[in-house]
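What follows is a short report on a single structure.
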Amino acid sequence: MKKVVGLAAAGLLAVSAANAGQITVANTDITLFGGVSASYNGQNNDHALANKGFSKDSFSVNNVIIGLTKPAQDGGIGFTAAFGSWEAPTVVASSKVVNDNGLVGYGKTTDFKPWLAFVTYKPVAGLSLDAGLLWTNFGERPVTILNPHITRGVLFTANPVLLEGARGTYDAGVAKVYIGAGKAGKDQLMGPVYTGLHKYSNYIEAGITSNLKQFGLPVDVGLHTYNENGNRDIYAATVGGDLGIVSLGLEVDYFKADDGLKKAWNPIVGTTLGKTNYSASSNAWGAALCANVKPVAGVQVPVRIEYADNKDTILIPVIGTSGAGLGGNAKKVWTFTITPTYNPTKNTFLRAEVSYAKSSGALKAGQDAWLFKDANGNQKTSRTTGAVELGFLF
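Every letter in the sequence shown is one number past the one before it in numbering that gives the first Met the number 0, and letter 237, counting from 1, is 236.
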């Protein structure tokens, strides 16, 4: 999947590595990397959480990212740290909605601060240990310049994205496995949605990825799990392959609520033999199909199609449900995004984008399955956005 959407395993560093410069500090060579991008954005409607009279168009500096890294050698210690300010537009909500409603507990994404910072220890070849502020190993990355699309997909808002903890990774050649643990807190993306209902405790993550080229198949596969004690569990499967002129990928995510979180948002509907019954669902799911057509050198056309069924949970927070104060009357949403991109050089890009989102499955019978509203406050069941972005990587 990562190969399909243009992400390399090392994240921002890998994207900029070919153009990164070297800085010598105290006899140590450190690599400088990062990027800057700016865009013009338009939308007809916004998420139900938007204030009445919101702007339908805007200019924004989508990314100002500055990073430093020193890769760890066998038996040594290295580090990676990236500081930045970035916008967080999604297919269902503007960046202003995300930031004004405090949906990222770590602070507004437009605050210039470290958004990735960890120390790496490699005791032996193939084994690495990372500790600090990490990103998840699946799904889209926070900053726009790492993704093939300007807007993030709806599944992005359901994943933790930011992790405070430690992770061990072992590369066995035929496969790479990882396991990690840490404190699950409000700093994570959408963390405040859950912490307002049920306290976080700890998380455990694990996964395995493999490239099947050694078996004659141009395919990358991955299985990932992320589990919070007493809160929510996420299971993800990814598969993707590069077929030359086009690359394809699929990500399927399944979300499950533990009893503690489920009880926190569910209304009681009665008891049976002394057991309390709760009315809402305990799980949700979503899928993203990605394609990237590369007709000629320097030109690519990424396409993303998503479908998500939140049922009556808050496991995918941007689909408003369950009286959690998230607005809207929908259970499901599907999205379409297309982003024609031109790369004048290997470290610059110009891209235009159109995205469309449609909500369905009304929570309350006899009402529209609305998830959006227009600038006058009228309820809407669809949202269309457009954007043009210029970017430079270094």
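Beta carbons are placed, not taken as given, at the ideal position from N, Cα and C, and that holds for glycine.
Beta-carbon proximity list for residue i, same chain, < 6 Å, skipping 5 on both sides
i      : result
ALA87  : SER94, VAL97 and THR108
TYR253 : TYR234 and TRP284
PHE58  : TYR39
TYR355 : PHE335 and THR383
ASN309 : ALA283, ILE315, ILE318, THR320 and LYS330
GLN299 : ASN291, LYS293 and THR340
THR224 : ALA205 and TYR234
Of the residues the options, the one placed nearest residue i, counting alpha carbons only
i      : options                           : result
THR150 : ASN158, ALA157 and PRO141         : PRO141
VAL160 : ALA351, ALA183, GLY74 and SER281  : ALA183
VAL153 : LEU314, PRO70 and VAL298          : LEU314
GLY167 : LYS212, LEU48, GLN299 and LYS121  : LYS121
ILE64  : ASP110, VAL91 and THR237          : ASP110
ALA124 : ILE76, LEU162 and LYS112          : ILE76
GLY243 : ASP367, PHE155, THR68 and ASN291  : ASN291
LEU48  : TYR202, VAL91 and LYS345          : VAL91
ALA81  : PRO113, THR89 and ASN100          : PRO113
LEU288 : ASN44, ASP28 and GLU139           : GLU139
GLN72  : GLN366, ILE207, LEU126 and GLY385 : LEU126
ASN100 : HIS46, THR68, THR119 and LEU370   : HIS46
LEU67  : VAL118, THR312 and VAL245         : VAL118
PRO70  : THR30, VAL60 and HIS223           : THR30
Residue i to residue j span [Cα, whole Å]
i      : j      : result
THR143 : TRP85  : 8 Å
VAL103 : GLY83  : 15 Å
VAL220 : VAL302 : 20 Å
SER280 : PHE348 : 43 Å
PHE214 : VAL173 : 10 Å
ASP129 : VAL317 : 31 Å
PHE78  : LEU249 : 31 Å
ASN230 : ASP258 : 7 Å
LYS55  : ASN158 : 28 Å
TYR105 : ALA116 : 13 Å
GLY297 : PRO343 : 7 Å
LEU247 : LYS293 : 12 Å
SER200 : GLY41  : 39 Å
GLY239 : LEU133 : 23 Å
GLN21  : ASP28  : 6 Å
LYS212 : GLY385 : 38 Å
ASN282 : ASN346 : 41 Å
VAL245 : ILE304 : 16 Å
ASP232 : THR89  : 23 Å
TYR169 : GLN366 : 52 Å
LEU370 : VAL251 : 22 Å
ALA171 : TYR202 : 25 Å
Cβ-Cβ distance between residue i and residue j below 9 Å
i      : j      : result
GLY52  : ASN375 : yes
THR135 : GLU204 : yes
THR340 : PRO147 : yes
ALA286 : ALA256 : no
PHE32  : LEU392 : yes
PHE137 : THR237 : yes
ASN50  : ASP373 : no
GLY206 : GLU163 : no
Close beta carbons around residue i, own chain, < 8 Å, minus the five adjacent residues each side
i      : result
ASN62  : GLY34, VAL35, SER36, GLY83, SER84, TRP85, GLU86, VAL142, THR143, ILE144 and GLY390
ALA368 : ASN328, ALA329, LYS330, LYS331, SER358, SER359, GLY360, ALA361, LEU362 and THR380
SER209 : VAL173, ALA174, LYS175, ASP219, VAL220 and GLY221
Beta-carbon proximity list for residue i, same chain, < 7 Å, skipping 5 on both sides
i      : result
VAL387 : SER38, TYR39 and ALA351
Neighbour flag for residue i against chain B, beta carbons, 9 Å
i      : result
ILE313 : Considering every chain present, this structure includes no chain B. It has just one protein chain.
Practice problem: Take every Cβ of the segment 325-338, pair it with every Cβ of the segment 361-375, and state whether three or more of those distances are shorter than 8 Å. | Solution: yes
Quiz item: Is there contact here, the segment 329-346 with the segment 172-182, by at least three beta-carbon pairs under 8 Å?
Solution: no
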